[in-house]
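Encoded as structure tokens, the structure appears first; notes follow it.
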Amino acid sequence: MLPPEFVSETKDRGMLASWCPQEQILKHPAIGGFLSHMGWNSTLDSMCGGVPMVCWPFFAEQQTNCWFACNEWGVGMEIDNDVKRDEVVKLVRELMDGKKGKEMRRQAMDWKTKAEEATRPGGSSQRNLDQLIQMGSFAFGRDDKPHAVCVPYPAQGHVNPMLKLAKMLHSNGFQITFVNTEYNHRRLLKSRGPNSLDGLPDFHFEAIPDGLPPSDANATQDIPSLCDSTSKHSLVTFRHLLSRLESSNNFPPVTCIISDACMSFTLDAAQEFGIPDVLFWTPSSCGVLAYAHYCHLIERGLTPLKDESYLTNGYLEKNIDWIPGMKNIRLRDLPSFIRTTDRNDIMLNFLAREIERTSRASAVILNTFEAFERDVLNVLSTMFPPIYTIGPLQLLVDQIPNSNLKSIGSNLWKEQPECIDWLDSKEPNSVVPDLVVGEAAMLPPEFVSETKDRGMLASWCPQEQILKHPAIGGFLSHMGWNSTLDSICGGVPMICWPFFAEQQTNCWFACNEWGVGMEIDNDVKRDEVEKLVRELMDGKKGKEMKSQAMDWRTKAEEATIPGGSSHRNSDQLVEFLQRK
């Protein structure tokens, strides 16, 4: 109870409240100090606000908190037990204007920073919370841990993003079974070592045959043959794998399947077992939208081509103005499988079929972010089951604190990490890496000797790291989606040299929508490549592209931090899979 005259005398310089939102108040910039009884919640609220304290403990552990605040943490001054008005005035003045008060405020701000660091992804408290959740999920027993079976299409550019997705789910408490083909399983063991697929107790690897005859361990598998074979022969062995996992006492029951959209035979197995199946389209969203219109291109007689002369007679320059989300795109900018004269072409029909089967999925995952492909995503959302855009996945995976997952890799070729050491010796924005098509390229010995002082040849390199290196000024790329996203995440503009599949579509968007690319003419000449590289590195357009690439990099980072669109969508995906 306070006398009425106290209220009237202080109304112009203070405010009385029976209860207030203390956390918000102590984070308000107007707050300069806190006269506190030193309960632990109040102490933490003050630390989170970077606010020093005048300490007036009453009971329980408040005295202990007071001692630590004054003697260990350097953020408090204690009021004497025999509280007098003059002493309170003296302490408040010292807190607000004195030398010790300024030291306490600086110390409080330091503790505020340390508290924020501890609770961010990778920080000690966030890491401990993740471990507590994992420990709790084990304690609840076999039936309570969600179990995702991840099935990538057996090509490097599909395995990489699926493994990232699997790691993201694992970091959210999922048991993971990652299913490679037997061929790729052997290649991974060869490139990464005999123990590389041992995994973790709750992240293990399985293998199923791809249905193709045996081939050399280093051979590139023929893509049409692989698509045809897996679609016809992999269902039976995958069904047996699911049965084995379901009957095992070593793993929780399978609760969902995450399958590459090009391995949609899993939909049939999922239906049989009553398990939801989410399809992961690993290409760009613009590429997926183009594939979704293959059936319309066939209906309109635009593909197959009448004969092979249509490849060179200007026919492919035809403007396609009826695909929503793709303004002024040309026939030649659509995925390359339309460039066939065969109505029974394997890839043309395979992609049209996989698009049609997508409607059966429980949901669809896309490795992109909303700001990057907004118009295209708006169209796809009217065609597909619920879509979760959770890219760039590499930026989400970088936030996972569990270092054990870093040992699990997916490269089918042995990396040459010395590339990074070589880049460290170069000036910023001075190097243009070139992604060579295929697994190998034969170069004459004189090429190697002539370029050794101004370039480096590598059979395989850590591309994500390289494109984030400050020495990189541009990227000569075939415009696969992983390479495009790696370039965007590094803020690196591109010279575009597309070869097949949706690389042509990615190229068109990079040059015409995103403002980060320049296309090489189909008839590639040395002079043209030199001209484009010089423009990219030193020209006005190159500088504009670099600026735009850095803007997209910032937007990608914003999308994947807590509260960003992709981070939010990944949380919603996890909730969706756990509900199922």
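Numbering (the working numbering), first residue to last: 320 to 899.
Glycine is no exception: its CB is placed at the ideal position from the N, C-alpha and C atoms.
These numbers come from a predicted model, not from an experiment.
Item: Note down the Cα distance separating residue 815 from residue 553, rounded to an integer number of angstroms.; Value: 35 Å
Item: Just to confirm the assignment: which complete alpha helix (DSSP H) runs, minimum length 4, are found wholly within the stretch 524-597?; Value: 542-566 and 585-592
Item: Could you give the C-beta distance for residue 580 and residue 557, rounded to a whole number, given that I count them as a contact under 8 Å?; Value: Not confirmed; about 15 Å, so no contact.
Item: Between the stretch 411-424 and the stretch 343-361, can you find at least three pairs of beta-carbon atoms closer than 8 Å?; Value: yes
Item: Using a Cβ-Cβ cut-off of 7 Å (strictly less than) and excluding sequence neighbours within five positions of residue 755, which residues of its own chain qualify?; Value: Residue placement at residue 755 is flagged as unreliable, the pLDDT there being 47, under the threshold of 50; a coordinate-derived value is accordingly withheld.
Item: Please report the residue range of the beta strand (DSSP E) in which residue 707 lies.; Value: 706-708
Item: Would you tell me roughly how many angstroms separate the C-alpha atoms of residue 833 and residue 650, rounded to the nearest one?; Value: 20 Å
Item: According to DSSP, is residue 426 part of a helix, a strand, or is it coil?; Value: helix
Item: Hey, residue 529 and residue 473: beta-carbon distance below 8 Å or not?; Value: yes
Item: What does the alpha-carbon distance come out to for the pair residue 508 and residue 624?; Value: 43 Å
Item: With a 10 Å radius around its C-beta and 16 neighbouring C-beta atoms as the bar for buried, classify residue 483 as buried or exposed.; Value: buried
Item: Along the chain, which unbroken stretches of the beta strand (DSSP E) at least 3 residues long are found entirely within the stretch 816-875?; Value: 836-838
Item: Can you look up residue 329 in the DSSP assignment and give me helix, strand or coil?; Value: helix
Item: By DSSP, does residue 889 sit in helix, in strand, or in coil?; Value: helix
Item: Determine whether the beta carbon atoms of residue 685 and residue 644 lie at a separation below 8 Å.; Value: no
Item: Report buried or exposed for residue 759, applying the criterion of at least 16 other Cβ atoms within 10 angstroms of its Cβ.; Value: Only weak support exists for where residue 759 lies, its pLDDT of 48 falling under 50; the value from the coordinates is given anyway. Residue 759 should be labelled exposed.
Item: Can you list, in chain order, the residues of its chain whose CB lies under 7 Å from that of residue 585, leaving out five sequence neighbours each side?; Value: 470, 557, 576, 578 and 596
Item: State the beta-bridge partners of residue 395 as determined by DSSP.; Value: 372
Item: Alpha carbon to alpha carbon, what distance is there between residue 676 and residue 889?; Value: 23 Å
Item: What's the C-alpha gap between residue 458 and residue 498?; Value: Here residue 458 scores only 44 on pLDDT, less than 50, and its place in the model should not be relied on; the value that follows carries that caveat. Looking at the two C-alpha atoms, the distance is approximately 27 Å.
Item: So, residue 395 versus residue 367, is the Cβ gap smaller than 8 Å?; Value: no
Item: If contact is defined by three or more beta carbon pairs under 8 Å, each pair taking one atom from either stretch, is the stretch 430-445 in contact with the stretch 872-879?; Value: no
Item: With a Cβ-Cβ cutoff of 8 Å, do residue 822 and residue 799 count as a contact?; Value: yes
Item: With 16 as the cutoff for other CB atoms within 10 Å, does residue 328 come out buried or exposed?; Value: exposed
Item: What are the residues that DSSP puts in a beta bridge with residue 469?; Value: 497 and 577
Item: Helix, strand or coil: how does DSSP classify residue 600 here?; Value: strand
Item: Hey, residue 716 and residue 487: beta-carbon distance below 8 Å or not?; Value: yes
Item: How long is the line joining the alpha carbons of residue 308 and residue 654, rounded to whole angstroms?; Value: With the chain covering only 320 through 899, there is no way to say anything about residue 308.
Item: Looking only at C-alpha atoms, which of 780, 897 and 713 sits nearest to residue 886?; Value: 713
Item: By DSSP, does residue 686 sit in helix, in strand, or in coil?; Value: coil
Item: Helix or strand or just coil, what does DSSP make of residue 357?; Value: coil
Item: Could you give the C-beta distance for residue 490 and residue 657, rounded to a whole number, given that I count them as a contact under 8 Å?; Value: Incorrect: roughly 40 Å between the Cβ atoms, too far for contact.
Item: Rounded to the nearest angstrom, what separates residue 429 and residue 803 at their Cα positions?; Value: 40 Å
Item: Residues in its own chain within less than 6 Å of residue 365 by CB, not counting five upstream and five downstream?; Value: 345, 353 and 372
Item: To the nearest angstrom, report how far apart residue 827 and residue 392 are at their CA atoms.; Value: 58 Å
Item: Would you list the residues sitting across from residue 619 in a DSSP beta bridge?; Value: DSSP, once it has assigned bridges, lists no residue as partnering residue 619.
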